[in-house]
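Protein chains in written order, with the working numbering: chain S, 124 to 377; chain G, 2 to 175; chain H, 654 to 780.
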Amino acid sequence: MTTAAQAAPKGQRALLSFSVEGLPPREELLFKSLVRLLDHRTHQHWAWKAGEADLRVVGEQSPAHTGAPAVPVLAVGQVDPQRGGHFLALPLHADALEQTLNRLGAMVVHARGLGLVAIEAGPGEDDAFRLLRWPPAALLEAPHRIRLATLMTGRPTSLGVLRQRSGRATQECLDFIADLRRSGLLENVAEPAQAGGFATSIFPSSLFPDSLFPGNTGPDSRPAPPRQALRETVQPGLLARIRNRLGLLAPGPR
Amino acid sequence: MTVEHKILFTGTMGAGKTTAIGAVSEIPPVSTDVRNSDTSVAKATTTVGLDYGELTLDNGEKLRLYGTPGQMRFDFMWRILARGALGLVILVDNSRPDPLADLDVYLDGFSELIATTACVVAVGRMEAHPQPDIDAYARRAEARGVLCPVLPANVTDPQQVVQLLELLLLQLEA
Amino acid sequence: MNITPKINLAAESAIDTLMREIKGVKAVVISTEDGLELAARVENTAQVARLSAIASSLAALGAVAGEESDLGDCDNVTIEATHGHILMLQARHPEVTLIMSVVAGKEAIIGQVLYFAKQAALALQHA
């Protein structure tokens, strides 16, 4: 049995996808289950996807495919078709699958790095986007990503704002944004994001009758805010004091 | 007069509200626990008023940590305790029969507070009970118009409670 | 809730007595210390839907207040409102601690309410 391959400090594994075609239903189900089971050991995180994926898994019943040449193909079957490509024999064995996935995964990641695989152009500094839903655990393996995602739960943000508020490197932010986009968790937003606070927010007094902020709730006041928009302004220095007391490091550029 | 700041902890009976507060409070938590008469839950005591802990900041101001009773019949306490809170930590126990339904109760019960301040959902006992998974919680929150961090947490570990508070603070920053 | 029949009977009996004896009584509710209603009787318009839970919170906070002030156990919590009083007492039966809440209107005499309520709580304790 191969030993688990875990990075000692928690880094973020690459998130790769695979599609399946031409495999009998039983084998397809088994393949997908094994990939899930092996997730804690594979060097990359693999998820099944319908349609275009990073890896095509093809069975003997698959017709010849004229797909993107840069996408690797893994043939699965009784007999090696001897087309000189990657092959896994049936019945499937977890160890062989793990090794094959790691090898193919490394190839895909390498190809991405070389720009051989078409990637969506990254966002510009000020292009605004918003997070649609808290990301699944697989996208948040590296601790800094939890912080990045948290910073994205408020109003729409942009690469520039995210980098400034988090103090993380541009590449880390870009990688995270790319993973989110690939998972369908980001939505572009029309207005540019602002780095400033909520100084102009209107706080409806109906929410808290004894609120400190008497709001305008007259007929000409602003329409109801979108679900993420309104946050009360916090007393300056308070957050720093609380962080200090909790023994936390402050975020921001180092 | 001392300026006060408050963070609220809520969640079902046994989810760990009192424990979480105790993990970071500088005073032993004050609690209003009484005997639990609900035989469907295997817990001896339950909070009927509030749990209370505090931290003193370097300028003398206090950060007060309040735990609410978990059952819906105490929702009047939720409203009272929610007033002026900086943020809310919702603790969910993944070993319960329908933890997503539990989450619904607090997302609804504290909807006004959540819409205007910070919130984080901490799911406990996930190692032994991995389902529902984080993504299920994220989708449930999305269905209720809430977008906030959701993560597994063991509140007996002070560092993990501190991390939850840090995620609240991150949301509060301009 | 595992409340034995004899306690249920004693609770009903206590309510009967209080509704009969106290002039101006609007409602009597007996509940568990964690806020679940055991028995209740309500005159006309008085609303007691949440009284059990509220009484339990108040009793618990009363206990904390008593402790913090070093005055011992909290025996009862009395709320004086514009149109009457609410009295909440604990009845510590060996099997279960109950909270008895009495809602009385303006015409009630608070001394009388206290007297009968305490008697009833004592009887309940010894059921």
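The beta-carbon is built from N, C-alpha and C at its ideal position, and this holds for glycine as well.
| query | Buried or exposed: GLY50(G), going by 16 or more other Cβ atoms within 10 Å of its Cβ? | reply | Taking all protein chains in view, the Cβ of GLY50(G) is crowded by 16 or more other Cβ atoms within 10 Å, so the residue is classified as buried.
| Is ILE675(H) helix, strand or coil when you go by DSSP? | ILE675(H) carries a coil assignment under DSSP once its states are collapsed to helix, strand and coil.
| request: Under the assumption that LEU161(S) contacts ALA261(S) (Cβ atoms under 8 Å), give the Cβ distance between them as a whole number of angstroms. | output: Taking C-beta atoms under 8 Å as the contact rule, LEU161(S) and ALA261(S) fail to qualify, at a distance of about 13 Å.
| request: Could you please give the first and the last residue of the uninterrupted alpha helix (DSSP H) stretch that includes ASP105(G)? | output: ASP105(G) -> alpha helix (DSSP H) spans 100–110.
| query | Would you call GLU733(H) buried or exposed, if buried means 16 or more other Cβ atoms sit within 10 Å of its Cβ? | reply | The residue is exposed, with fewer than 16 neighbouring Cβ atoms inside 10 Å.
| said: Along the segment 126–147 of chain G, where does the CB come closer than 8 Å to a CB of chain S? Name the residues. | reply: If you check each beta-carbon in the segment 126–147 of chain G against every beta-carbon of chain S, the ones closer than 8 Å belong to ASP134, ILE135, ASP136, TYR138, ALA139, ARG140, ALA142, GLU143, GLY146, VAL147.
| message | Please list, in chain order, the residues of the segment 30–45 of chain G that have any C-beta partner in chain S closer than 8 Å. | response | For the segment 30–45 of chain G, the beta-carbon criterion of a distance under 8 Å to any beta-carbon of chain S is satisfied by none of its residues.
| task | Starting from GLN287(S), follow its DSSP beta bridges and name the residues at the other end. | result | Bridge partners of GLN287(S): none, in fact.
| For chain G, is any of its Cβ atoms less than 9 Å away from the one on PHE210(S)? | Not one chain G Cβ lies under 9 Å of PHE210(S).
| query | Who are the neighbours of VAL106(G) on chain H, taking C-beta pairs under 8 Å? | reply | The contacting residues do not exist; VAL106(G) stays about 15 Å from chain H at best.
| request: Using beta-carbon positions only, say whether LEU691(H) and ASN661(H) come within less than 9 Å of one another. | output: Their beta carbons are under 9 Å apart, which means LEU691(H) touches ASN661(H) by this criterion.
| Residues that DSSP places opposite MET753(H) in a beta bridge | Bridge partners of MET753(H) according to DSSP: ILE683(H), LEU742(H).
| said: List, in chain order, every chain G residue whose beta-carbon is nearer than 7 Å to that of SER754(H). | reply: Here the premise fails: no neighbours, minimum Cβ distance about 14 Å.
| said: As a quick exercise: from THR117(G), LEU108(G), ALA102(G), ARG145(G), pick the residue whose alpha carbon is nearest that of LEU173(G). | reply: It is THR117(G).
| query | Residues in its own chain within less than 7 Å of ARG126(G) by CB, not counting five upstream and five downstream? | reply | Correct list, in chain order: ASP94, ASN95, SER96.
| query | So, using beta-carbon positions, are THR293(S) and CYS149(G) closer together than 9 Å? | reply | Contact: no.
| message | The beta strand (DSSP E) that contains ARG65(G), what's its start and end? | response | For ARG65(G), the enclosing beta strand (DSSP E) stretches over residues 63–68.
| Coil, strand or helix - ASP94(G) by DSSP | ASP94(G) falls in the strand class under three-state DSSP.
| task | Since I believe LEU751(H) is in contact with THR685(H) (beta carbons under 8 Å), could you give me their beta-carbon distance rounded to a whole number of angstroms? | result | Confirmed, about 6 Å.
| Taking the alpha helix (DSSP H) that SER156(S) falls in, what are its first and last residues? | 148–160 is the span of the alpha helix (DSSP H), which, as asked, contains SER156(S).
| task | Specify the secondary structure class of GLY276(S) as computed by DSSP and reduced to three states. | result | The sequence given here has Thr at residue 276(S), not Gly. THR276(S): coil per DSSP, three-state reduction.
| Residue-level contact to chain G via CB, VAL357(S), 9 Å cutoff | Taking 9 Å as the threshold, the shortest C-beta distance from VAL357(S) to chain G falls below it.
| the segment 254–268 of chain S in contact with the segment 134–147 of chain G per 3-pair CB rule at 8 Å | Judged by Cβ distances under 8 Å, the segment 254–268 of chain S makes contact with the segment 134–147 of chain G, as three or more pairs qualify.
| Given SER281(S) as reference, the closest of ALA313(S), ALA217(S), ILE269(S), ASP177(S) once Cα atoms are compared | Check the Cα spacing between SER281(S) and each of ALA313(S), ALA217(S), ILE269(S), ASP177(S): the tightest is with ALA313(S).
| query | Which term fits GLU221(S), buried or exposed, when burial requires 16 or more other beta carbons within 10 angstroms of its beta carbon? | reply | Buried.
| So what does DSSP say about ALA251(S), is it helix, strand or coil? | If DSSP states are grouped into helix, strand and coil, ALA251(S) belongs with coil.
| query | Looking at C-alpha atoms only, which residue of LYS659(H), THR670(H), LYS679(H) is the closest neighbour of HIS736(H)? | reply | With distances taken between CA atoms, HIS736(H) lies nearest to LYS679(H) out of LYS659(H), THR670(H), LYS679(H).
| task | Find the residues of chain S that neighbour LEU165(G), judging by a C-beta separation of less than 8 Å, and give them in chain order. | result | Per Cβ cutoff of 8 Å: no residues; LEU165(G) is ~11 Å from chain S at best.
| field | Cβ-based contacts, 7 Å cut-off: residues of the segment 63–77 of chain G near chain H | value | Across the segment 63–77 of chain G, CB contacts with chain H closer than 7 Å involve ARG74, PHE75, PHE77, in sequence order along the chain.
| request: Could you tell me whether the Cβ atoms of LEU193(G) and LEU297(S) are closer together than 9 Å? | output: Because chain G in this structure spans residues 2 to 175, residue 193(G) falls outside the shown range and cannot be described.
| Are the segment 83–92 of chain G and the segment 5–15 of chain G touching by the rule of at least three beta carbon pairs closer than 8 Å? | Yes, since at least three Cβ pairs between the segment 83–92 of chain G and the segment 5–15 of chain G fall closer than 8 Å, the two stretches touch.
| said: Taking 9 Å as the threshold (beta carbon to beta carbon), is LEU9(G) in contact with chain S? | reply: At a cut-off of 9 Å between beta-carbon atoms, LEU9(G) makes no contact with chain S.
| request: Determine the direct distance from the alpha carbon of VAL194(S) to that of GLY208(S), and round the result to whole angstroms. | output: When only Cα atoms are considered, GLY208(S) and VAL194(S) end up about 12 Å apart.
| Can you find a CB in chain G that lies within less than 9 Å of the CB of PHE331(S)? | Any reading at PHE331(S) must be qualified, since the residue scores a pLDDT of 42, below 50, and its modelled position is unreliable; the value itself is stated next. Yes - at least one Cβ of chain G is within 9 Å of the one on PHE331(S).
| request: Kindly say whether LEU714(H), judged by its beta-carbon, lies nearer than 9 Å to any beta-carbon of chain G. | output: Taking CB atoms only, LEU714(H) has a neighbour in chain G less than 9 Å away.
| task | Give me the Cα-Cα distance between LEU254(S) and GLU665(H), rounded to the nearest whole angstrom. | result | For LEU254(S) and GLU665(H), the distance between alpha carbons rounds to 57 Å.
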